[in-house]
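Each residue of the sequence shown is one higher than the one before, counting from 0 in numbering that gives the first Met the number 0.
Okay, structure first, notes after.
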Amino acid sequence: MAEMKTEEEQVEALKRWWQANGKSLILTIAVTVGGVLSWNAYQDQQVSQAETASVYFQQLMNSSPAGQLSDSDMAEIRHNSKLLKAEFGSSTYAQFAALMVARVEVQEGDLTAAAAELQWVLTQEGDAEVNALATVRLAKVLSAQGQHNEALALLVDGDDAWQLGRLETRGDVLVAQGDVDAAREAYTAASVLAAAGGVNSPLLSLKLDNLAQ
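Structural data, given as structure tokens:
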């Protein structure tokens with residue numbers, strides 16, 4: 000999954016993920032079924048319930064436009080997320096739904112609720128890429144709450160697509176702490192990584208320029 004920096008890019012990435020993977024996941028979501036059912040009945044119910052999950056998720060994507068969300072968008076996201084988490088809590092659908100609700104809570108200014116959604120994603124121990132995204136976003140939320148040390152503890156280096164985001168977020172947290180030298184070091188490392196990957200990030204460059212000695 001490509002590095003994403005803005006809410007709009009994250010929304011579009013979720014939609015691309017759905018187009019690429021949604022249909023195949025219909026057949027792979029685990030559904031608990033009583034042992035009295037025959038094998039064929041089990042398969043039928045598995046597919047039926049997975050299709051239900053896919054419908055909820057499609058509705059969630061339809062109500063998640065890029066940019067600012069309307070009240071009706073937010074209500075629809077919360078509704079479909081609640082259904083997914085209640086009925087398909089271990090699925091990737093539910094993880095993405097929680098990420099979208101966290102976005103809603105940030106827009107509403109409820110950082111405690113946003114953190115709770117992101118922490119829920121991490122407790123599911125599901126898709127590694129989704130967990131990495133949730134970790135970076137949780138670090139941002141914790142920093143915004145003034146929990147800078149807790150945020151930094153989440154930003155552990157890793158050899159994956161999210162390292163750039165972790166480095167830049169680490170810089171942001173360090174700036175908030177007032178540790179300019181360490182922030183400059185993090186931004187510089189992020190800039191080097193971005194250049195190596197062909198990523199153009201004017202905002203990262205601006206942050207680094209603002210800390211120029």
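Backbone N, C-alpha and C fix where the C-beta goes; we use that ideal spot for every residue, glycine too.
If you're wondering where the values come from, they're calculated on a predicted model, not measured in any experiment.
Self-check item: Residue interval of the alpha helix (DSSP H) (run including Val120)
Solution: Leu110 to Thr122
Self-check item: Extent of the continuous alpha helix (DSSP H) to which Asp180 belongs
Solution: Val179 to Ala195
Quiz item: Given Ala141, which residues of its chain have a CB within under 7 Å of its CB, disregarding the five upstream and five downstream residues?
Solution: The amino acid occupying residue 141 in the given sequence is Leu; Ala does not appear at that position. Closer than 7 Å at the Cβ level, and outside the excluded window around Leu141, lie Ala114, Glu149 and Ala150.
Self-check item: Inter-stretch contact at 8 Å, needing at least 3 Cβ pairs: the stretch 103-110 / the stretch 125-132
Solution: no
Practice problem: Let me know if Gly170 comes out buried or exposed under the rule of 16 or more other beta-carbons within 10 Å of its beta-carbon. | Solution: buried
Exercise. Measure from the C-beta of Lys206 to each C-beta in chain D and report whether the shortest distance is under 8 Å.
Key: Reference to chain D is not applicable here, since this structure consists of a single protein chain.
Exercise. Consult DSSP for Ser221 and reduce its assignment to one of helix, strand or coil.
Key: Because residue 221 is not part of the residues shown, which for the chain are 0 to 212, the question remains open.
Quiz item: Given a threshold of 16 other Cβ atoms within 10 Å of its Cβ, counted over all protein chains shown, does Val155 qualify as buried or as exposed?
Solution: exposed
Self-check item: Whole-angstrom distance between Asp158 and Ala133, CA atom to CA atom
Solution: 16 Å
Quiz item: DSSP state of Val198, grouped into three classes?
Solution: coil
Quiz item: Thinking just about the alpha-carbon of each residue, which of Arg183, Ala138, Leu192 and Ala194 is nearest to the one in Ala211?
Solution: Arg183
Practice problem: Can you say whether Leu192 is buried or exposed, counting buried as having 16 or more other CB atoms within 10 angstroms of its CB? | Solution: buried
Quiz item: Where does Ser142 sit, in a helix, a strand or coil, going by DSSP?
Solution: helix
Quiz prompt | Assigned secondary structure, Leu203 (DSSP; H/G/I helix, E/B strand, else coil) | solution = helix
Practice problem: Within 10 angstroms of the Cβ of Asn79, are there 16 or more other Cβ atoms? Answer buried if so, exposed if not. | Solution: buried
Self-check item: Own chain residues within Cβ distance below 7 Å of Leu173, not counting five before or after
Solution: Same-chain partners within the cutoff: Ala181, Ala182 and Ala185.
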